[in-house]
Amino acid sequence: MSNRNRNIRDGIVVLPSSGERVNRHVTFARPLISGNAAEWSGPDSPDSDNDSDDREDAGLLGNSIGNGNGIGNGNGIGNGNGNGNGNAARAKSRTRANWDSWQKRLRVPTPVARFIEAWNLKPALKCSLAYLCGSLAIYMPAFAALFGRNDGKHMVTTVAVYFHPARTRGSMAEGTIFATIAVLYSFMVSAGIFGTAVLFGNLGNMLLGHIVILAVFCVGGLGLVGWTKLKMASPSANVSCSLASIIIVTTLTKDGTAQEGVFNVAKIMQTAAMAVCAIIISTTISNLLWPIFAVKELRKCMTESTYAFSTMLEAITKGFIDGSEEPLLQPSFQTAADNHKKTFTDLAKHLYEARFEHYLKGTEQTYDLELRLVECLQKLAQALGGLQSAAKTQFSLLEQSDQIDPYLTGYQDRHGSFSSYAPTIPPEELQSSAEDGDVLVVVTGRSLFDQFIHHLGPSMRSLAVTIKLMLDELPFGPAPDYTVDVNPHFRTSLRDALELYTEKRKVALDQLYNSQDISGRKSADLAADQEEVAASCGHFAYSLEDFGKGLFDLLEILDQLETIQELPLPRSWNWLKPWRLFATRLDLESRQKTVDRVLPQQLPEGLTDVRALQEEIAHRDNNTHRNLGYRLWKALRVFRREDVKFAFKVGLGAAIYASPSFISFTRPIYSHYRGEWGLISYMIVTSMTLGATNTSGLYRFIGTIIGASAAVVSWVYFPEMPTALALCGWFLSFLCFTMTLNYPDKASFGRFILLTYNITALYAYTISMKDEDGDDDDEGGVNPIITEIALHRVLSVLAGITWGLIISRYVWPISARKKLREGLSVLWLRMALIWKRDPLNSLNEAVAPSEVAPYMQIGEEIHLQQALLRLQSLLEQIPFEFRLKGPFPIADFTEILTNTQAMLDAFHGMSVIIAKEPQSSAREVAILVFTSAERRELCSRIFQLFYVLSSSMRSGFPLPDTMPSIVRSRDRLLMKIHRFREEDNDGERGQSEEDFALIYAYVLLTGRIAEGLEKCARSIKILHGVIDEEMLEI
């Protein structure tokens, strides 16, 4: 039974705005300003009929309300800007009000503004304007003359479609770098193609020259483009790879100069000039029209993160104190949790883009501080996850405690496995113990939790309220500037609040756990249940303190940012100084060598065991490993990598598709049907897996039909009318970019519509103006037949898509379904090997903090997280892979990946806890030694479960009916902790309850891992079912 709005003692609260300590009742309700009084809103607001003397909440939080940065004066109103300069603040406020009044006159109506913002119409308008400016290279003769006589001037609009201006300045800088590299690479490949053609033409052996061009520049050049696209896996890199493919294919097969052995420098320069022109147009519009700054977007995300932290901390703390999960089920909490996940995804993106902006401005120091700020937010998120995990564990334990009384339901019959740790006490011994005052104590989990809340509940609520009031104002000021504006009293207030909470926590926990209810003799089952409740309560208390410490680190970084904001540092531009980069690299290498000397074990023990076994096998006297064939097989292992095979098959497919353009009797057909656009389509749609290729191919084909249809309609109604055609193209681009920006997963669909429109309508206008290098009556010549042009484009694109599907399906096919299963299996195996070595052994074995070897390296953590992200992307591709068995069970695999992510979070949480205090106290070491056998057994069970799940996922066989149990091993560990507490009551090893924090966190995190494994096993049983006859066939 939950205690809704539990009444607990008042605690001492530190007001963050003034640092004042007050001993009053406080709730999480938010104060609202109305005139000169503070009004309350929220579920915890005091009753309106209370007397003014009883409304201590309003007086308490009224002190925290100020004007701007002001310090509260006790009446709910602040006193200016924190330095007493009230007149300046009022003058600034009047100026701002006058400016706002003018802005209101210029603003569009609110519903229209909301519609524009909701559908990202401003960025879409920017992109369409860039497209319109690019189309002027076709419709404006003076502009078109810059690129000579060329029927491929629609390249400007094509590049503008890929390199659109709806990006932040940092993203534009990154895209410009990638696009420049793509253009230079294409220039080198094109020069190589023409140089090879000229060389073999002079030698009189064009056939051999064509073979070399296809083998080197098509297989190798385009294969490298495909490999780069796969390895980089970023939007900017994908755009640049598509740009490089367009330029290379155009040079390779379109004009025929490579086939004739002519070095056409003008063609290369024209193509490069068109690409550079489009980049300049997009960059200019991006910076001049509604510019977007990654730094501001980053700070906006940080502000949203702290607000989400505030809402989640309020709900979690209130739910934990009340012993009810209801606050965590409210829509406000679910919305905050969803925003928190989305915001943290955006944080990494905006931080990466902000780096380019800072580097361009020469403010690398500011970027370093923002990087540390994001790391602090990640630590706060980890502490918040610990709070939520402890709260959910507590809810589960309280629910079990309310349903079953473990002392009255024959627990000794149900848990006979504990007899070795807690033997049954005969009745005569119980009677003798009772006469001696040593009685068997029975305290349920609910009563123990009530005692914990009675001792520590007021302090937890007081600290949470202090932190929440700070989070509501951090870390930056309001939009659009998001300047650093931190109350100067926050740091001292938070330091005082943490010191007060730490003092209260030590006293409260020591009193609670040294009481007879906890430390007295009891049954094994009851002891394990009580220790689990104690672990969740203790972990919640320590996680709340960690959250406060992380917030204190955040305030220190904000103070440094505010100092730089008021007194800017000189611009550095260190990235332009090669000698500094070289020195930094040497410093990193020296530090890495130092780390290698201190931590020689670079892999977890499980992985090291595997490597040792491999080395042992390799050194055996085995003739198989000595022969030349085996050595050659080992030397060529790089060609067995899937990324290398993918690059080779992409290049090989491109060479086969381009070969008709080098054969005299097939080249006219290739040119008539514009085979170069089929080859470009092949390069764009071919992906690593069948599902991704099918997805891209479907979007490409439908987009091609829509784009060709739009081009036909535009040309039929406005033939050879440049103004009308330009406006039609602008309107179509506006619609496509609106869809692209609002539905990122359908971005390729909108791009393909515009690309087909370009190569149909814009090409038709170009040849109608006789703006081509040669007299070509193909497709109507100066009187273009738009339907024939559109048909040729559709057929060419369809041929390229079909060829991409054939290559993906029959040349080293990679199924997303198979890749997902294999990836999950390997991921679980890696996790099993990591946990096989008890994480706490490193603390027990180390003599000094510098000798602590982390059970999981940072690189290993990143690798596992990246692997899980790749598996999630594979799951999105699977619905597009056809199979006769019916739809793939997406929901079940989604649940498996979600539970795997939760287990990875537990792995990371254990790593953070170990890294936080690598040096254990004497009592902590004693606890670790005392529980080493039980922890070893628990790690072994976890390893076995991971291994069984990995094997079942890899083989497809059903799981056995009986699985290794983690619950029993975990209960034995809890009982062993209780035995240590019993034997430690003499005080010889110390009395601080903090020494149990590490083992409590370990118990909670193993519980999360056990829960995740159980859910994954349940999903696999549903997926694989039972053994059938087909599986047993030999």
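Take the sequence shown: its position 850, counting from 1, is numbered 850 in UniProt numbering, and each next residue is one higher. From the three backbone atoms N, C-alpha and C, an ideal C-beta is built for every residue, glycine too.
Buried versus exposed call for residue i [16 or more other C-beta atoms within 10 Å across all chains shown]
{"i": "ASN783", "result": "exposed"}
{"i": "LEU222", "result": "buried"}
{"i": "ILE629", "result": "Note on identity: in this sequence residue 629 is Gly, with Ile being the wrong assignment. Under this definition GLY629 is an exposed residue."}
{"i": "TRP290", "result": "exposed"}
{"i": "VAL219", "result": "buried"}
{"i": "ALA381", "result": "buried"}
{"i": "ARG821", "result": "buried"}
{"i": "GLY204", "result": "exposed"}
{"i": "ILE977", "result": "buried"}
{"i": "TYR810", "result": "exposed"}
{"i": "LEU208", "result": "exposed"}
{"i": "MET460", "result": "buried"}
{"i": "LEU636", "result": "exposed"}
{"i": "TYR139", "result": "buried"}
{"i": "residue 1056", "result": "Lying outside 1 to 1034, the shown extent of the chain, residue 1056 is not represented and no answer is given."}
{"i": "residue 1051", "result": "In the structure as shown, the chain begins at 1 and stops at 1034. Residue 1051 is therefore absent and cannot be evaluated."}
{"i": "PHE115", "result": "exposed"}
{"i": "THR666", "result": "exposed"}
Inter-residue Cα distance where the pair is residue i and residue j
{"i": "PHE356", "j": "GLY457", "result": "47 Å"}
{"i": "PHE452", "j": "ALA390", "result": "14 Å"}
{"i": "ASN487", "j": "THR306", "result": "16 Å"}
{"i": "ASN81", "j": "PRO478", "result": "Reliability of the predicted coordinates at ASN81 is poor, the pLDDT of 39 falling under 50, and the value obtained from them is presented with this limitation in mind. Their backbone Cα atoms lie some 15 Å apart in a straight line."}
{"i": "CYS1016", "j": "PHE540", "result": "26 Å"}
{"i": "LEU463", "j": "LEU377", "result": "19 Å"}
{"i": "MET963", "j": "SER952", "result": "12 Å"}
{"i": "GLY323", "j": "ARG968", "result": "26 Å"}
{"i": "GLU556", "j": "ARG169", "result": "28 Å"}
{"i": "LEU494", "j": "GLN511", "result": "25 Å"}
{"i": "SER48", "j": "ASN23", "result": "Note that SER48 scores a pLDDT of 37, beneath 50, so its modelled location is shaky; the value from the coordinates is reported in the next line. Whole-angstrom Cα-Cα distance: 22 Å."}
{"i": "GLU788", "j": "LEU875", "result": "40 Å"}
{"i": "LEU959", "j": "LEU949", "result": "8 Å"}
{"i": "PHE552", "j": "GLU20", "result": "18 Å"}
{"i": "SER17", "j": "THR492", "result": "10 Å"}
{"i": "TYR367", "j": "LEU727", "result": "42 Å"}
{"i": "SER681", "j": "ALA275", "result": "19 Å"}
{"i": "ASN742", "j": "LYS342", "result": "15 Å"}
Residues near residue i by beta carbon distance below 6 Å, same chain, minus five either side
{"i": "MET302", "result": "PRO475"}
{"i": "residue 1039", "result": "Absent from the model: residue 1039. The displayed extent of the chain is 1 to 1034, so no value can be given."}
{"i": "SER310", "result": "LYS468, LEU471, ASP472"}
{"i": "MET739", "result": "GLY750"}
{"i": "GLY226", "result": "ALA647, VAL650"}
{"i": "ALA692", "result": "GLN877"}
{"i": "TYR670", "result": "PRO660, SER661"}
Span of the alpha helix (DSSP H), counted from its first residue to its last, around residue i
{"i": "GLY362", "result": "Per DSSP, GLY362 belongs to no alpha helix (DSSP H) and is neither H nor E."}
{"i": "HIS978", "result": "967-983"}
{"i": "TRP633", "result": "628-635"}
{"i": "VAL716", "result": "690-717"}
{"i": "residue 1035", "result": "With the chain running from 1 to 1034 in the structure shown, residue 1035 is simply not present."}
{"i": "LEU732", "result": "722-742"}
{"i": "VAL486", "result": "Premise fails: VAL486 is in no alpha helix (DSSP H) and is neither H nor E."}
{"i": "PRO235", "result": "235-249"}
{"i": "ILE656", "result": "642-658"}
First through last residue of the beta strand (DSSP E) which encompasses residue i
{"i": "GLY11", "result": "11-14"}
Other residues of its chain near residue i: CB distance less than 7 Å, five sequence neighbours each side excluded
{"i": "GLY195", "result": "PHE263"}
{"i": "ALA799", "result": "GLY678"}
{"i": "LYS645", "result": "TRP812"}
{"i": "GLU676", "result": "VAL249, THR250, THR253, LYS254"}
{"i": "GLU297", "result": "THR168, HIS350"}
Contacting residues, own chain, Cβ-Cβ under 8 Å from residue i (five flanking each side not counted)
{"i": "SER733", "result": "CYS127, SER128, TYR131, LEU132, VAL161, LEU754"}
{"i": "LEU387", "result": "LEU313, ILE316, THR317, PHE320, PHE540, SER543, LEU544, PHE547"}
At what residue ranges does the stretch 793-851 contain a whole run of the alpha helix (DSSP H), taking only runs of 4 or more? 816-836, 841-845
Quick check for students: name the residue ranges of the beta strand (DSSP E) that lie wholly in the stretch 293-378, counting only runs of 3 or more. none
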